[in-house]
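Each number in our numbering corresponds to the 1-based position in the sequence shown with 22 added.
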Amino acid sequence: MSAFLKNTSSPSLTFFLTGVPGLEAAHAWISIPFCCLYITALSGNGMILFVIITEPSLHEPMYYFLSMLSSTDLGLCTSTLFTVLGIFWFNAREISFNACLAQMFFIHLFTFMESSVLLAMAFDRFVAISNPLRYATILTHSRITQIGVAIVTRGVVILIPLVLLLKRLSFCHSHVLHHSYCFHPDVMKLSCSDTKVNSAFGLIAIISSAGIDSVFILLSYILIIRSILSIASPEERKKAFSTCISHVTAVAIFYIPLISLSFVHRFGKKAPPYVPTLIANIYLLIPPVMNPIIYSVKTKQIRKAVLKVLRPKGALI
23 MSAFLKNTSS PSLTFFLTGV PGLEAAHAWI SIPFCCLYIT ALSGNGMILF
73 VIITEPSLHE PMYYFLSMLS STDLGLCTST LFTVLGIFWF NAREISFNAC
123 LAQMFFIHLF TFMESSVLLA MAFDRFVAIS NPLRYATILT HSRITQIGVA
173 IVTRGVVILI PLVLLLKRLS FCHSHVLHHS YCFHPDVMKL SCSDTKVNSA
223 FGLIAIISSA GIDSVFILLS YILIIRSILS IASPEERKKA FSTCISHVTA
273 VAIFYIPLIS LSFVHRFGKK APPYVPTLIA NIYLLIPPVM NPIIYSVKTK
323 QIRKAVLKVL RPKGALI
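Structure (structure tokens):
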């Protein structure tokens, strides 16, 4: 039996996902707000993508980057939707090792991609404010495509070694995960092998993606603020800063839960069981839910395009 459990490449190796510890009897009720969050995230990001694709006036660099953000949010939601609701509705806790690795890959891939997209959006705001006359020539369609390809490539290159390092581990202890989806630190802790290399590489992956991105986002905003303060007109300064509010909010709601979850996994061993569960769900669902709302409320062009879609034909303008 021990030899079987150590064969991590076996398709029979199974992990068991966890819902909300201590509240298993209330999973059916807990699923209601989760369903509402998923529906809001999927419909909101789907609507943003639809209006950007169909509205010619939104075919600009800023909105192309926003469509990338909505795409990563849709991917992040879809990566966890079936296991989370499967636990709440059907108590479907089992997941095979390979399926777990696949889910983990896509969750982390879309997380890294979202971080990269937020950095690209910060660069977009910097160019638009500091050099508006050359904005269209700097951020051309081909350059935006190259940025998109680079975002996906970087995430895949970082994650492939992370997955391969997990496949070499032996799992001969409990196979019960602490979340309703597969998360790298959670899977790694179940191994009875030496995980120092995995832990070190996981930390390097976070630093080389979200860590570096956050530093460059901060640097971008230092330069943006410097450019805004050099504008003579108070009204123009206010207008320039208002174009950044949505992005600053999106950055905050992405990085704060991500950092909190990383700290809980690495240093919060004495925390109550529901704490990492709560933070993990906030980390996965709040950004996809809030980003479409933020951009629909704060960006007039997006708001007008959404209202145009939602307004019935023949309605008075």
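Every residue gets a Cβ at the ideal spot worked out from N, C-alpha and C, and that includes glycine.
Residue i, DSSP secondary structure in three states
i    : result
T321 : coil
V219 : helix
T159 : helix
S213 : coil
S196 : coil
E257 : helix
F276 : helix
S24  : Legend: pLDDT at S24 = 43, less than 50; position of this residue unreliable, value from coordinates given subsequently. Of the three classes helix, strand and coil, the one that applies to S24 here is helix, per DSSP.
S252 : coil
F205 : coil
E82  : coil
T299 : helix
T36  : strand
E116 : strand
S190 : Note on identity: in this sequence residue 190 is Arg, with Ser being the wrong assignment. Three-state result, R190: coil.
G68  : helix
Own chain, CB closer than 7 Å to residue i, minus 5 neighbours either side, in chain order
i    : result
C266 : R147, I246
A293 : V286
H269 : M143, A144, R147
T321 : S268
G41  : H49, I109, F110, S202
W51  : none
E77  : A327
Y85  : I74
8 Å contact criterion, which residue i and residue j should meet: CB distance rounded
i    : j    : result
Q323 : C204 : That pair is no contact at about 38 Å.
M135 : V179 : Not really, about 12 Å apart at Cβ, beyond 8 Å.
Distance CB(residue i)-CB(residue j) smaller than 8 Å
i    : j    : result
M69  : P314 : yes
H130 : L181 : yes
V106 : F56  : yes
Y299 : P83  : A quick correction: the sequence has Thr, not Tyr, at residue 299. No.
C214 : S236 : no
A232 : L280 : yes
V331 : S318 : no
L306 : T102 : yes
R176 : S138 : yes
V209 : C122 : yes
L212 : S196 : yes
A272 : I244 : no
M312 : I278 : no
Same chain, Cβ closer than 6 Å to residue i, neighbours up to 5 away in sequence not counted
i    : result
F238 : L141
F132 : T94, G97, L98
S89  : L71, I74
N153 : none
F127 : L181, V185
F263 : I250
R325 : S318
Residues near residue i by beta carbon distance below 8 Å, same chain, minus five either side
i    : result
R259 : I250, L251, I253
Please confirm if the segment 32-47 is in contact with the segment 65-79, defined as three or more CB-CB distances below 8 Å between the two stretches.
They do not touch, by the three-pair rule.
The segment 69-86 / the segment 280-287 touching (three or more Cβ pairs under 8 Å)
The segment 69-86 vs the segment 280-287: no contact.
Taking one C-beta from the segment 184-200 and one from the segment 218-229 each time, how about it: are there three or more such pairs within less than 8 Å?
Yes, they touch.
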